[in-house]
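The working numbering applies: residue 55 is where the sequence shown begins, and numbers increase by one.
Backbone N, C-alpha and C fix where the C-beta goes; we use that ideal spot for every residue, glycine too.
Here's the structure, in structure tokens; my notes come after.
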Amino acid sequence: MESPLPPLSSVVGPYILQDLVDDLPLGTPENPNVEITCLEFWEGNLYVGTSTHELLHFVSIPATPTPSASVEPPKPIYMLASRPQPPPTPAATVTSPYIKKILVLPTTSTALVLSSAGFLSFYTLPEFSPVSGAPKLRDVAFIGGQDLNEVEEERVAASEGRQTNMGRGKLIVVLAKGKLRMIRIGEAARLVKDIELKARAIEAVRRDMIACISTAENYALVDVDNIRQIPLFPISSIPTSGPSSPTESGSNTSQFLSQSLGSHARTTSGSYPPRTSSLTPRERRNSSATASKESSATVHNRSSSTSSVRGQISRQSSHGKIPTARGGKSTPKPTHLSPPSPTPSRPLSPSAGLQPPSPTARSETGLEVLSISSKAPSAVSSAIPSPGPISPTKTTPTESKFPAKTKTMIPKGPLIPHVASPSPSEFLLTTGTTWEDPGVGLFVNMEGDVTRGTISFEKYPDDVLVQGPWVIAVIANRAIEVQRWNMGGGENDGGEEKGLLEMGDNGFKLGLSEVIGLPGRVIGAAMTMLRLETLHLRPGPHPGNNGSPELSRRNNEERIIAERISTVESSVVAFKGKRICALVESPLVLRLDSLLPTFKGGTPKTRVRDILKTFRKMDAIEPTTERDPHEVSYIRQKCGILLLGELLRLETLKRTDIQPDEITLSEEALIESAVDPRVVLAIFGGGFVGDIVLGKGGVWVYGGIKLVFDEICAQRAERQEGYQRDILLLLKRYLAIWRRKKGFGSIADEKEVFATVDVALIRVLLMLDSPEYLPQKGFTMVSEGNARGELYALVDQDVDEFEAISNLLRSFGRLYVLSILLQNRKMYREVLVTWKRILEEGDTTGEFEDGEEKVRNYLLKLKDKSLVEEFGKWLATRNPKLGTQVFSDDKAKAKFEPEKVLEILKEHAPAAVRIYVSQLVEKGNTKYANDLILLYLDDLVKVLGELPSASERLRDSYESYRALTSPKPTYGEFIADNSPPLVGTDGAGGTSETNWWRDRLRFLELLGGESPYDVPKIFGSLVKFREVLIPEMVILYGKEGRHEDAIRLLTHGLKDFDTAINYCLFGGLSIFQTRKIITNRDEQETLFAVLLGEFLKLEDYQECMEQTRNLLERFGGWVDVTHVLQVVPDNWSVEMLSGFLMSALRGLVKEKAEVSVMKSLRRSEVFKVEADYVARCDNIGPTIER
């Protein structure tokens, strides 16, 4: 019972199978069960060898082109061109012969065909006709062995357009009759070197002049230039009848080239007898003694290393394990290595088992051709016994009967050797125990030393090939295993390191073949992923369905590009029965795409981590081909979209679902993915879809991205999901970073992309600052930032799609933000209209604080008089104080004449007229003082006439003041200190029960000011309120010169004695005037005399006496003593006036003394003048007058 293979993984491996031919017409009506045994492609020709020993030549015909919408490339059609004559088959030699190998040499237009019967024939290319007169070689076990260094050099030269190997022919290896023959194929086949071998070799791989060969049991290295050998290890690590000791095992290994091929010949049935069954241990030891001393010494030198390798494999196999570790001394794959030195490091001698070439023989045509005689040449040394002739009924393992159709089973019998060369300095050899057990691949260098760690196969392989960094093996005749051999070199591209492929179990043998002329294959899956297609992002007609010539042309161009970048070169085909498949290295995009999880398996956390892991693999990939940038870009974009889809699927973001650092990494991945922001917004859906701006050609994305996009959008449509604040913050940062790319010039559809980004970024900021999402603020897993501040800064910059952004701001009710946008566009009227709307409808967001002041400041900066007038008068209606400043402020750029402003205000904002006139007066424009006073007067009279409480309040204030005892403040200070608080901030005054009081204070200041006004008119308006407007009457009496009346009101009406004294000192000016000007003394004396009389009239005797005495003591110098003595009551004692009298007498004495001093000073001044006169006369001298 055959052992099961491991299950196939859903992850795309390193290679994929692509059908070339599903059912190649091989059979005939007589024999329909025919299968392929070997094949070769070259320049549209397919050469096939069959299990019925036939050669078939097919010609490739281009297939009918598929529609442009198709993603699967058309398969070429192969038409049978001819059935060339197969190599001859001797009668009764091999039953059911088949074609074993086809070797095509394009440089010489020659093909070599090897039959399982051992016949080698020559054919011409491309028609595949037998070469006339060509030699027919027999008993050939193997053909090939071209110098792989030369082959790789020619491949590089061909890619660069250079030509090599001009006219030199091709040097190949032919293994026949126990010899290794170097034959150069040119115009004729010429023997170059003929080397005798002790055992019959069945496979060879060559690097320069070092060939690695294998017999049915062992491997060896052969220096074909110096005719030297290095024996290696056996194929099977478990001998059929193993030696009793490790020494015997080592002896058996070292002697494989000195044993006769007859002892290892296959039986008639094709099976192998036990390799040592015919020899006892003693005989095996003795058989090695037949070699020369030099040969024995050389073999002994190598036996220690080879036996150690064999022992290691044997020990591990005995425990059921095969070494799989890639050793620490791994050698990176060299790109260029010089040919190995002809002299190995270990001394070898020409007699160590190889013989010089035999003399060439002349063919019947006279050309120098291969000698195919079974006799050993006379020049060959007898040190290596020539193998006996092969029995016609016996074949090597590779020449065993090939069944026409058998049940697929693991091969039985001895293991088949496999030799490959992964690098210019290494060979890969396989070894194992049985077909059912795992196999091991060992790497040896040109000196036979193991160079790196081993690789393992699931089962011992049926065939092995090396392609670049990959080892390809056929396992159990039904699967192809692919794995890397150079992982130690750090060349992993991020995909899977191993892959397993199956071609189905149809009962036929599975084979591999490396071909030279297989055309590049278009990978349909990669083409689907990497082809750019239009994406339907917004509702309405799909831009891809309009059938425009431009769109058709673009689609055709993208199809051509996708085909080109999805084309992969391949040189390996797999065949089974009549089916041929190209073994194509999987594009990186397929391998990495298969690593990405779907939305179904695992948890969100594991899926996010898997996606991030795949995304990070892109960092180490350096693009070297046209396809590489597209693959990296596709994987990055898909990772970014998948991460976004995962985050949007989470109903709530909790640390149990995802970590904050994973959100941050997902955000970074989305940013680095370079996904078109319009695609991201379409995935978010909702209002963001309406923000998308599309160009004429729409949005083009990779086909694979389109599939993921459709899947995510369908899921979101079903679930009707909202947004988490964390997700909106992620989108905000993503769009903000995209916006920084504006102007770089390397972005397709730049205008549409950044117009979309601007609108969407404003929308997400509005959402973050909206009542719906503000409750989540402070509970997010990532940093918040200041959404409102960022919104203000964004709209204050140059943003695209002005209309869309304006409508968006209006829909969110964010009129103040709209005004910032309008200011940036210098749309002054629209700004003011928006602010007016906010103030009239109410500021629900609280953004327009001190809005009226902002309107005023904005109007002060405008030069447009019409705008200033229109919104200035509107502001004056709402807030007279601020509105009038628009017209009166010296900083205003729009200047208006006061008459024009008064006209505007009187018509539209009467309440602001008085404030405006007051501002004019404060600036020194005194001609409007009378108007201002009249305005205050009208308001005051109106209040007193409409509010009886106002008159009562005035009387109460007088009574309260008069009740105060001395010392007390002046009445002006009293009413200022006891003024009620101002109601409102408009400063309009009016009939408010509280604001009129302050208006009255201002009215008193204006009345007592220096500005001229119509006193009689004002007096006439106030006369009927003279009992309640005492201070006003005092000021008006003073203006008219009626000082006695003014002083009487101050003394008796208010009992404001200090103000009365000030009235006398400052010449009767206003008691509320801030600038005091002392008048002349005569007027002061007159006023003080009047005040003295009024004090003496006070009804309260005590008060009268106290105020009179205080006045005389403080200001007695301003009154006449005689007048005082005359008016003072007679009943007042001298003691009451003592202070005044003493100061008066002192004044008289002082005055008399001052007069005496003055006289003396004058007298001395006269004497001085007289003396000066005399002195001058003396100087002049006498004069005579006639």
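Query, Result
"Beta-carbon proximity of Gln72 to Ala636, cut-off 9 Å", "yes"
"Opening and closing residue of the alpha helix (DSSP H) in which Leu74 lies", "No alpha helix (DSSP H) contains Leu74, which is instead part of the beta strand (DSSP E) from 69 to 75."
"Strand pairing of Asp517, partner residues [DSSP]", "Val528"
"Tyr756, enclosing beta strand (DSSP E) - first and last residue", "753 to 756"
"Whole-angstrom distance between Thr178 and Gln217, CA atom to CA atom", "21 Å"
"Member of Leu566, Trp489, Pro180, Pro478 whose CA lies at the smallest distance from the CA of Glu204", "Pro478"
"Contiguous alpha helix (DSSP H) assignments of at least 4 residues, all confined to the region 600 to 670", "603 to 619, 642 to 649"
"Cα-Cα separation, Pro714 to Asp664", "16 Å"
"Cα-Cα separation, Asp1174 to Leu1008", "38 Å"
"Expected contact under 8 Å - CB spacing of Thr938 and Gln973 to nearest Å", "6 Å"
"Counted within 10 angstroms of its Cβ, other Cβ atoms place Trp1186 as buried (16 or more) or exposed", "exposed"
"Neighbourhood of Leu402 by C-beta, 8 Å cutoff - its chain only, sequence neighbours within 5 removed", "Residue placement at Leu402 is flagged as unreliable, the pLDDT there being 36, under the threshold of 50; the coordinate-derived value follows with that caveat. So the list reads Asp277, Asn280, Arg282, Gln283, Ile284, Thr352, once near-sequence residues are dropped."
"Separation of Ile1238 from Asp1232, as counted between CA atoms", "15 Å"
"Complete alpha helix (DSSP H) runs within the region 758 to 827 (minimum length 4 residues, chain order)", "779 to 793, 804 to 822"
"8 Å Cβ shell around Pro918 - same chain, five flanking residues per side excluded", "The identity of residue 918 in the sequence shown is Asp, whereas the question assumes Pro. So the list reads Tyr882, Ala948, once near-sequence residues are dropped."
"Cβ-based burial, Gly1235 [other Cβ within 10 Å; buried from 16]", "exposed"
"Spatially closest choice to Ile987 from Asn610, Ile90, Glu1059, Pro934, by CA coordinates", "Glu1059"
"Ile766 to Ile695 span [Cα, whole Å]", "9 Å"
"Beta-carbon proximity of Leu646 to Thr668, cut-off 9 Å", "yes"
"Closest residue to Met1244 among Leu100, Leu109, Glu108 (Cα-Cα distance)", "The requested residue 1244 is not part of the displayed model; the chain covers only 55 to 1240."
"Among Asp248, Ala270, Leu275, Glu271, the one whose alpha carbon lies nearest that of Ile264", "Leu275"
"Euclidean distance between Cα positions of Glu512 and Pro492", "5 Å"
"4 or more residues per run - each alpha helix (DSSP H) lying fully within the region 1057 to 1133", "1069 to 1076, 1084 to 1094, 1097 to 1102, 1111 to 1119"
"Inter-residue spacing [alpha-carbon to alpha-carbon] between Ala1198 and Phe1057", "42 Å"
"Within 9 Å, strictly: CB atoms of Val871 and Glu901", "yes"
"Sufficient close CB pairs (3 or more, under 8 Å) joining the region 248 to 266 to the region 222 to 229", "yes"
"For His684, the first and last residue of its enclosing alpha helix (DSSP H)", "681 to 703"
"CA-to-CA distance, Arg1163 to Arg1216, given in whole angstroms", "39 Å"
"Counted within 10 angstroms of its Cβ, other Cβ atoms place Thr898 as buried (16 or more) or exposed", "exposed"
"When Gly797, Asn499, Leu785 are compared against Ile816, the one with the closest alpha-carbon", "Leu785"
"With 16 other Cβ atoms within 10 Å as the buried cut-off, status of Lys1071", "exposed"
"Reduced DSSP secondary structure (H/G/I, E/B, other) of Gly839", "coil"
"Spatial distance of Leu245 from Leu110 (CA atoms)", "29 Å"
"Ile267 versus Val473: straight-line alpha-carbon distance, rounded", "7 Å"
"Ala1207 in three-state terms, based on DSSP", "helix"
"Cα-Cα separation between Gly507 and Phe497, rounded to whole angstroms", "8 Å"
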